[in-house]
Structures are given as structure tokens and as C-alpha cells.
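What follows is a single structure, written as C-alpha cells, with notes after it.
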Amino acid sequence: LGNQITGTGLYTFTGGSLAVGGTTIVGNAGYGSFFQNGGTTSFTNNVVIGNQSTSTGNYELSSGITFGGTDTVWIIGENGIATLSQSGGTMFLGGTVTFGNSAGGTGKHKMNDGFVTGATNDVSHWRYGHSGTGELEVNGGSLKLGGSVTFGNNSGGTGNANITGGIVEGGQVTAVWRK
Numbered sequence: 049l050g051n052q053i054t055g056t057g058l059y060t061f062t063g064g065s066l067a068v069g070g071t072t073i074v075g076n077a078g079y080g081s082f083f084q085n086g087g088t089t090s091f092t093n094n095v096v097i098g099n100q101s102t103s104t105g106n107y108e109l110s111s112g113i114t115f116g117g118t119d120t121v122w123i124i125g126e127n128g129i130a131t132l133s134q135s136g137g138t139m140f141l142g143g144t145v146t147f148g149n150s151a152g153g154t155g156k157h158k159m160n161d162g163f164v165t166g167a168t169n170d171v172s173h174w175r176y177g178h179s180g181t182g183e184l185e186v187n188g189g190s191l192k193l194g195g196s197v198t199f200g201n202n203s204g205g206t207g208n209a210n211i212t213g214g215i216v217e218g219g220q221v222t223a224v225w226r227k
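Per my numbering: the sequence shown = residues 49 to 227.
Below, the structure written as C-alpha cells:
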């Protein structure tokens, strides 16, 4: 979705079952949005939102179920600008989830309602600002992060959290501040 710089790709999923076996890119070089309002989506390979520096990507869940197993890596803001937002439904993301992966990447995790859970094992890592900029914004819902949770992981990485409501539970939380 949004493969070329001038490209725009929109996908709306409203029911049934969608199983994706290959790598999913939402906003490769252009603008891409994936909207889910019902049904079940299952990803067995990597999901990249906001891939290149010219890209903007959005994944929004308002109802239904989104599933990514323990081998599924989610990158929100590889080199572009990306948002993973939720206003309802349930997400299970069992692998590594990174917001702001590379130096130019900006990733936002915005939660207004619904339920998100990560696996409670050593393969589940939640990183906000790995080498880029990552932000966690929780206004409602329930967010249960398993494994490790890191804000500002590498040199140059910036991670922020703004929690005004809802429930947030984390595994091993690490916040790194650098000058």
C-alpha cells in the first residue's frame, strides 16, 4: 500500500478472515493506510508501517482481532512516519514491536480503547525509539506488554510515554536517557 513516492494505498477490512503470509508494507515510499473494522487478520511474517523516508503509514483497528505470532516483527516507523492506532478490538502481537526503528523513523502507538497484549516470553520486545523516535500514547483501553519494554533504546533513539487513561502493564521496563 503506497508503494511509490506519489502513490496512495488504502485497504479497509470489515469482516471475515484475512491471513497474510508474506511481508506486509503499509506506506512503502508513499502514503498507505490499513483500516480494520471487524473480522480477524493474522500476520505470520513481518509488518512494516512507514518504510522509506518519504513514506507515511497508518494501521488502525476499531473492532475485530489482529494477530501477529511470536515470529512476527512489527516495525512502525522504519525510516518514515507511522502510527499504530486502536479505538477498539483486540491485538495480540507476540514478537518484537518497534516504534521509530531507524534514525529517520518516527513511530506512534496510540490507544484510545480496546485490548493489546504481547507474549510473556523472551521473544516479545516492545521498543519505543529504538534508533528513531517512538511515542506511546494511551487514553483508554488495556495495554499489556509482555517481555521487555524499552524507551530510547540506542544512541539517538528517543522514546516518550503519555498515559492519561486506561490500563498499562509492562514486563521489564527500561527507560534510557542520553545527553
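C-beta atoms are modelled at their ideal positions from N, C-alpha and C, and glycine is treated no differently.
When DSSP states are grouped into helix, strand and coil, Ile-53 belongs to the coil group. For Gly-112, the enclosing beta strand (DSSP E) covers residues 104–116. By the neighbour-count criterion, in which a residue is buried when 16 or more other Cβ atoms sit within 10 angstroms of its Cβ, Glu-126 is buried. Between Asn-99 and Gly-64, the C-beta spacing is not below 8 Å. Secondary structure of Thr-62 (DSSP, three-state): coil.
By the neighbour-count criterion, in which a residue is buried when 16 or more other Cβ atoms sit within 10 angstroms of its Cβ, Asn-210 is exposed. The beta-carbon distance between Ser-111 and Gly-136, rounded to whole angstroms, is 5 Å. This is short enough to meet the 8 Å contact definition. Closest in alpha carbon position to Arg-175, among Asn-85, Gly-188, Ser-150 and Leu-109, is Ser-150. A distance below 6 Å between beta-carbons, with the five flanking residues on each side excluded, links Glu-217 to the following residues of its chain, in chain order: Lys-192. DSSP assignment within the segment 126–182 yields the following whole beta strand (DSSP E) runs of 3 residues or more, N-terminal first: 129–141, 145–147, 154–166 and 173–176. Distance check between Gly-205 and each of Ser-190, Thr-165, Lys-158 and Thr-154 places Thr-154 closest, using alpha-carbon atoms only. Following the DSSP letters along the chain, one finds Gly-69 in no beta strand (DSSP E), marked with neither H nor E. With respect to the 8 Å criterion, Phe-83 and Thr-120 are not classified as neighbours on the basis of their beta carbons.
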